[in-house]
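There are 2 protein chains.
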Amino acid sequence: MGALLEEATEILRSRGGRMTNQRKRILESLELLGSHPSADEIFAFVSQSDPTLNLSTVYRTLRWLEQEGLVSARHFHFDEDRRTDRFDAASPIDHHHFICTECKSVIEFDNRLIGEVKNQFSRQTNCWVQSVSVVLYGLCPNCQK
Amino acid sequence: MGALLEEATEILRSRGGRMTNQRKRILESLELLGSHPSADEIFAFVSQSDPTLNLSTVYRTLRWLEQEGLVSARHFHFDEDRRTDRFDAASPIDHHHFICTECKSVIEFDNRLIGEVKNQFSRQTNCWVQSVSVVLYGLCPNCQK
DNA sequence: GTTTTTATTGCAAATGATTTGCAATAATTT
DNA sequence: AAATTATTGCAAATCATTTGCAATAAAAAC
Ligand SMILES: [Mn+2]
Ligand SMILES: [Mn+2]
Ligand SMILES: [Zn+2]
Ligand SMILES: [Zn+2]
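Taken in order, these protein sequences are the chains called A and B.
Numbering-wise, my numbering puts 98 at position 98 of the first sequence, and it's gapless, one number per residue.
Numbering-wise, my numbering puts 1002 at position 2 of the second sequence, and it's gapless, one number per residue.
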C-alpha cells in the first residue's frame, strides 16, 4: 500500500537487505503519523502493537531511510525542544514549514518566489545551491486569540 | 568599543547584573570570531588568554545573550555536525544564510522577496509570522569542481 | 578602604537525544 | 532443514548542553 513502504522494499532488495517486521511497522507509522514525528513518538506508536521493539531500531531505520533520501530529518528549532530530530516522510524537497510556537502545529507550504530567491543568490555569488530550507515561526489563527 | 559589549553592559546594569572578566572576554570573542562560532570554539579561543575559564560559563553567557536578543542560536544542519549550536552575533533577524556543505563556510545574505513570501503566507493562512529562517545549502565557488 | 551582600563562577555530576559494540535472533540462500 | 549473515535488543558509550552547589569576586554599604 504505502508508497514509502514499496519504495523502501525495493531499495532494500537491491542492496541485499531484509524487510523485517519492525521496518515494516516503522515505515507504516511514518505514513500514519504524518506530521513530522520524532523517533520517540514513532517508538511509542509502534510499541503499542509490538512491545518488543527497541528504540535504537527506530533510529537505525530512520537514519537508513534518510540516507536513501526517503525521509529527511530536521530540527524545528522551538523555544525548548531544540535538539530533537523530527522526521519528514513527505517529499523532503519542495516544501517548507510554518511552526506555531504556541501549539507546535506545523503547516507545510510552498511558494514559487523561493525558487527566485535561490536563483538570484546563485547568480550573484556563483554558489551552486542544492537545497533550500525555509521555516516560518509565529502563531496559528487559533493561538492568536 | 564593540557595540555588543556596550549594549550587553547596559542591559546588565539595568538588571543588577555584574560585568565580569569572563563575560567581557566572551562578548569580545563573539565579535572577533565573527562567523557563527560554537560554544566550544568560543571556549577554545578565550581559554588562550584565560585558561581558568569554564565551558559552562560560556554556555551560560551565550544563553543569557540569547534571551536578551543580542545573539541568536542556530543549528546549521550539516551532514554531520547536526546538534551543535552555532551563535550568531550579528543582527539576529534580517539576514539569512548559505552554507557550503563541503568547506562549511557561511555566506550571509538577504532578499526582499523573502518578505513577500512571508506576507503571502500570512495572507493565505491568517497565521501571524514572527520570524523567518532561510538556509541555502550547496557548494561555494571554490568547492565546485 | 574595609566589610557586607549576593551575582557569578568552576567543578563535577546529571541530562537528553542519539549512537555503538556485541551476542542473540531471524530473514534469505543454499 | 541447515547454513549464512543482516538485523535486532540490550546495555553501555557519546556528545552537546545543563544544573546544583560551595567557593569566588563584583558592586554596594559602611
Ligand atoms: Mn514537512
Ligand atoms: Mn549570520
Ligand atoms: Zn497554534
Ligand atoms: Zn566551500
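In this text, a Cβ means the ideal position worked out from N, Cα and C, and glycines have one as well.
For Gln130 (chain A), the three-state secondary structure derived from DSSP is strand. Between Thr1020 (chain B) and Asp1040 (chain B), the alpha-carbon positions lie close to 20 Å from each other.
With a cutoff of 8 Å, His1075 (chain B) does not count as near ligand 2, since its C-beta is closer than that to no heavy atom of the ligand. Inclusion of Phe43 (chain A) and Leu55 (chain A) in the CB contact set at 9 Å is warranted, their separation being smaller than that value.
Inter-segment contact for the segment 1134–1142 of chain B and the segment 117–130 of chain A is present: three or more beta-carbon pairs are separated by less than 8 Å. Taking 9 Å as the cut-off, the beta carbon of Ile11 (chain A) is found no closer than this to the beta carbon of Leu62 (chain A). In this structure, Cys103 (chain A) has its CB at a distance of at least 8 Å from all heavy atoms of ligand 4.
The Cβ neighbour count for Arg1086 (chain B), taken over all protein chains shown within 10 Å, is at least 16; the residue is labelled buried.
At a beta-carbon threshold of 7 Å, the residues of chain A lying near Asn1126 (chain B) are Pro141, ordered along the chain. Distances between the C-beta of Val1106 (chain B) and the heavy atoms of ligand 2 include at least one below 8 Å.
Listed along chain A is no residue with a C-beta nearer than 8 Å to that of Asn1119 (chain B); the closest approach is about 10 Å. Relative to ligand 2, the beta carbon of Asp1088 (chain B) is positioned inside 8 Å of a heavy atom.
Not one heavy atom of ligand 3 lies closer than 8 Å to the C-beta of Leu136 (chain A). Secondary structure note for Ile1114 (chain B): its alpha helix (DSSP H) is the uninterrupted segment Arg1112 to Thr1125.
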